[in-house]
Amino acid sequence: MAELPEESSTREWKECPFCAEKISIRAKKCRFCGETIDVTLRLAEELKDKYQQELEKAKPGSTAAGNPVPVTMNGAVSASSYPMEQLNVFHVRKKRTTYILLGIFLGIWGAHNFYAGYNGRGTAQLLLTIFTGWLLLPLIPIMIWNIVEVCVVNRDGDHELME
4 MAELPEESST
14 REWKECPFCA
24 EKISIRAKKC
34 RFCGETIDVT
44 LRLAEELKDK
54 YQQELEKAKP
64 GSTAAGNPVP
74 VTMNGAVSAS
84 SYPMEQLNVF
94 HVRKKRTTYI
104 LLGIFLGIWG
114 AHNFYAGYNG
124 RGTAQLLLTI
134 FTGWLLLPLI
144 PIMIWNIVEV
154 CVVNRDGDHE
164 LME
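Here it is in structure tokens:
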């Protein structure tokens, strides 16, 4: 086992869940057993292995239902045929009506911006309301800001058109 630094920095180390060796708390893989510790990296490796298995099953020139990987005549997979749609996160389109109602009723708190994915704007409105809202006068510009946003904004934080 490799030597560990002084005892004062023992909180920088943890046990590998696979081999029980001491590894850095920031480690993605165990340097002793080679197992992947990071959950996201482990999932990516599993998807890569699954994709490689699909490639091995693939027959040149076929795109059968059980074989979603398009293959060229010489058996190679083209760069544009990588099945990225399997890795995409499901995206829900935001509704403009919901955005407007949140802007009208909870706009000074920035709820409509959080809903649309504009977290920076929402945080700014929330903090302005919390820290200056007791003065009442700063609420007027925030309300004007909300009215303008409700009238002008028609895309969400991912630049998708709201329904």
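Per the numbering used here, the very first residue in the sequence shown carries number 4; after that it's consecutive.
A virtual CB, placed ideally from N, CA and C, is assigned to each residue, including glycine.
Quick check: the Cα distance between residue i and residue j, rounded to an integer number of angstroms?
{"i": "Gly37", "j": "Ile28", "result": "15 Å"}
{"i": "Asn149", "j": "Lys53", "result": "48 Å"}
{"i": "His162", "j": "Ala119", "result": "10 Å"}
{"i": "Phe35", "j": "Lys17", "result": "13 Å"}
{"i": "Arg45", "j": "Ile111", "result": "42 Å"}
{"i": "Ile103", "j": "Gly125", "result": "14 Å"}
{"i": "Gln56", "j": "Glu49", "result": "11 Å"}
{"i": "Ile140", "j": "Asn122", "result": "According to the sequence shown, residue 140 is Leu rather than Ile. Whole-angstrom Cα-Cα distance: 24 Å."}
{"i": "Lys31", "j": "Pro20", "result": "12 Å"}
{"i": "Gly160", "j": "Leu109", "result": "18 Å"}
{"i": "Cys33", "j": "Glu24", "result": "8 Å"}
{"i": "Asn116", "j": "Met165", "result": "13 Å"}
On the premise that residue j lies in contact with residue i, defined as a C-beta separation below 8 Å, what is that separation, rounded to the nearest angstrom?
{"i": "Gln128", "j": "Gly106", "result": "That pair is no contact at about 10 Å."}
{"i": "Ile145", "j": "Thr132", "result": "6 Å"}
So who's on the other strand from residue i, going by DSSP bridges?
{"i": "Ile26", "result": "Lys17"}
{"i": "Arg158", "result": "Leu164"}
{"i": "Thr39", "result": "Lys32"}
Could you please give the first and the last residue of the uninterrupted alpha helix (DSSP H) stretch that includes residue i?
{"i": "Arg124", "result": "122 to 135"}
{"i": "Cys154", "result": "142 to 155"}
{"i": "Leu138", "result": "Element bounds for Leu138: n/a, residue is neither H nor E."}
{"i": "Ile107", "result": "99 to 109"}
Would the C-beta of residue i count as close to the ligand MG, meaning under 6 Å from any of its heavy atoms?
{"i": "Leu105", "result": "The model depicted lacks the ligand MG and carries no ligand whatsoever."}
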